[in-house]
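**Q** Chains as they are written, first to last, in the numbering used here: chain G, 4 to 119; chain P, 16 to 132.
Glycine included, every Cβ here is placed at the ideal spot set by N, Cα and C.
Source: prediction; values computed, not measured.
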Amino acid sequence: DSGVTQTPKHLITATGQRVTLRCSPRSGDLSVYWYQQSLDQGLQFLIQYYNGEERAKGNILERFSAQQFPDLHSELNLSSLELGDSALYFCASSVDRDRGSYNEQFFGPGTRLTVL
Amino acid sequence: AQKITQTQPGMFVQEKEAVTLDCTYDTSDPSYGLFWYKQPSSGEMIFLIYQGSYDQQNATEGRYSLNFQKARKSANLVISASQLGDSAMYFCAMRVTAGGGADGLTFGKGTHLIIQP
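(1) Is the separation between the beta-carbon of alanine 90 (chain P) and that of glutamine 66 (chain P) shorter than 8 Å?
(2) Between the Cα of tyrosine 53 (chain G) and those of G:Trp37, G:Leu86, G:Leu84, spot the shortest distance and give me the residue it belongs to.
(3) Which residues does DSSP pair with methionine 104 (chain P) in a beta bridge?
(4) Could you name the residues of the same chain whose beta carbon sits closer than 8 Å to that of glycine 119 (chain P), not counting the 5 residues immediately before and after it, in chain order?
(5) Buried or exposed for tyrosine 47 (chain P), going by 16 or more other Cβ atoms inside 10 Å?
(6) Applying the 10 Å Cβ sphere with the 16-neighbour rule, what's the burial state of serine 97 (chain P)?
(7) I need the DSSP call for glycine 87 (chain G), collapsed to helix, strand or coil.
(8) Terminal residues of the continuous beta strand (DSSP E) containing threonine 114 (chain G)?
(9) Using a Cβ-Cβ cutoff of less than 6 Å, which residues in the same chain neighbour phenylalanine 83 (chain P) once the five nearest sequence positions on both sides are dropped?
(10) Give me whichever residues DSSP pairs with isoleucine 61 (chain P) in a beta bridge.
(11) So, is the C-beta of phenylalanine 67 (chain G) closer than 8 Å to a C-beta in chain P?
(12) Taking tyrosine 36 (chain G) as part of the beta strand (DSSP E), name the residues at either end of that continuous run.
(13) Near alanine 90 (chain G), what residues of its chain come up, given a Cβ to Cβ distance below 7 Å and the 5 sequence neighbours on each side ignored?
(14) Going by beta carbon distance, what residues of the same chain come within less than 7 Å of isoleucine 63 (chain G), once the five residues before and after it are set aside?
(15) Compile a chain-ordered list of the residues in the segment 23-37 of chain G whose CB is closer than 9 Å to at least one CB of chain P.
(16) List, in order along the chain, the chain G residues whose C-beta lies closer than 7 Å to that of glycine 100 (chain P)?
(17) Quick check on this structure: which residue in P:Thr126, P:Ile94, P:Met60 has the alpha carbon closest to the alpha carbon of phenylalanine 93 (chain G)?
(18) Around the Cβ of glutamine 29 (chain P), are there at least 16 other Cβ atoms within 10 angstroms (buried) or fewer (exposed)?
(19) For a contact meaning CB atoms closer than 7 Å, what does phenylalanine 110 (chain G) contact in chain P?
(20) Tell me which residues share the same chain as leucine 99 (chain P) and place their Cβ nearer than 7 Å to its Cβ, disregarding the 5 neighbours each side in the sequence.
(21) How long is the line joining the alpha carbons of cysteine 26 (chain G) and aspartate 99 (chain G), rounded to whole angstroms?
(22) Looking only at DSSP bridge pairs, what is glycine 6 (chain G) linked to?
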């Protein structure tokens, strides 16, 4: 158990809908990262939040957004869903106390999203 | 842009043998971190080992060691005395600083390792 929790575990929805994925980082970790794992694209970094503020963006679509709340939990919002958004979405957390540090990232169990 | 290449899509290895999983990377940034993760069939991502670009010694964690050859830009994972429970996907990943701040991980496509009894 990494200490990172994600809910829900599975999500099945229809095209055009909007969903919210939730992540709670390990106790003491300030950074939250979101990743998407699909058969086509592999594992891709989407976005990073550090202590409530967006720090880095990866291959995140404009239809997707995220935020980190004062208690450090994070939510990833996916809207206008398409079939191709079906994937495993991971949240990871890291200490990252210093800019430029390379602390390991601990991954949650993932949310498997199926868009029908 | 940074890139990770894992050239072995799949490997079959006999139990108790040592295994080397290949990883090459490409970055123009002098400061970076290299990571290996294991993903069993259950889906979770498990951190195995880390190597910093300025580390003089190869990293080791139990049965895992990282063969870091900076000039060749390779960071191979070595698993000694493989066990049936080592069967999983293995991902090599890299992290570089972008504009002074930490960035997300760039992953390779993975190697599917199967340990045979």
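**A** In short, the structure shows the following:
(1) A distance below 8 Å separates the beta carbons of alanine 90 (chain P) and glutamine 66 (chain P).
(2) Looking at G:Trp37, G:Leu86, G:Leu84, the one whose alpha-carbon comes closest to that of tyrosine 53 (chain G) is G:Trp37.
(3) Under DSSP, the beta-bridge partners assigned to methionine 104 (chain P) are P:Gln54, P:His127.
(4) Correct list, in chain order: Arg110.
(5) Buried is the call here.
(6) By the beta-carbon neighbour count (other beta carbons within 10 angstroms, threshold 16), serine 97 (chain P) is buried.
(7) Helix at glycine 87 (chain G).
(8) That run of the beta strand (DSSP E) goes 114-118.
(9) Answer for phenylalanine 83 (chain P): Gln66, Asn73, Ala90, listed in chain order.
(10) As a beta-bridge residue in DSSP terms, isoleucine 61 (chain P) pairs with P:Lys53.
(11) So no, phenylalanine 67 (chain G) is outside the interface.
(12) Counting along the chain, the beta strand (DSSP E) containing tyrosine 36 (chain G) begins and ends at 34-41.
(13) Residues of the same chain with a CB within less than 7 Å of the CB of alanine 90 (chain G), apart from the 5 flanking positions on each side, are Gln39, Gln40, Ser41, Leu116 in chain order.
(14) Result list for isoleucine 63 (chain G): Leu49, Ile50, in chain order.
(15) Close to chain P, meaning a Cβ-Cβ distance shorter than 9 Å, are the following residues of the segment 23-37 of chain G: Ser34, Tyr36, Trp37.
(16) Within 7 Å Cβ-Cβ: nothing; glycine 100 (chain P) doesn't reach chain G, min ~17 Å.
(17) Ranked by how close their Cα comes to the Cα of phenylalanine 93 (chain G), the residues P:Thr126, P:Ile94, P:Met60 have P:Met60 in first place.
(18) Per the 10 Å Cβ criterion, exposed.
(19) Within chain P, Glu59, Met60 have C-beta atoms less than 7 Å from the C-beta of phenylalanine 110 (chain G), given in sequence order.
(20) Listed in chain order, the non-local C-beta contacts of leucine 99 (chain P) below 7 Å within the same chain comprise Glu30, Ile130, Pro132, local neighbours out to five positions each way being set aside.
(21) Taking the Cα positions, cysteine 26 (chain G) is about 17 Å away from aspartate 99 (chain G).
(22) None, per the DSSP bridge assignment.
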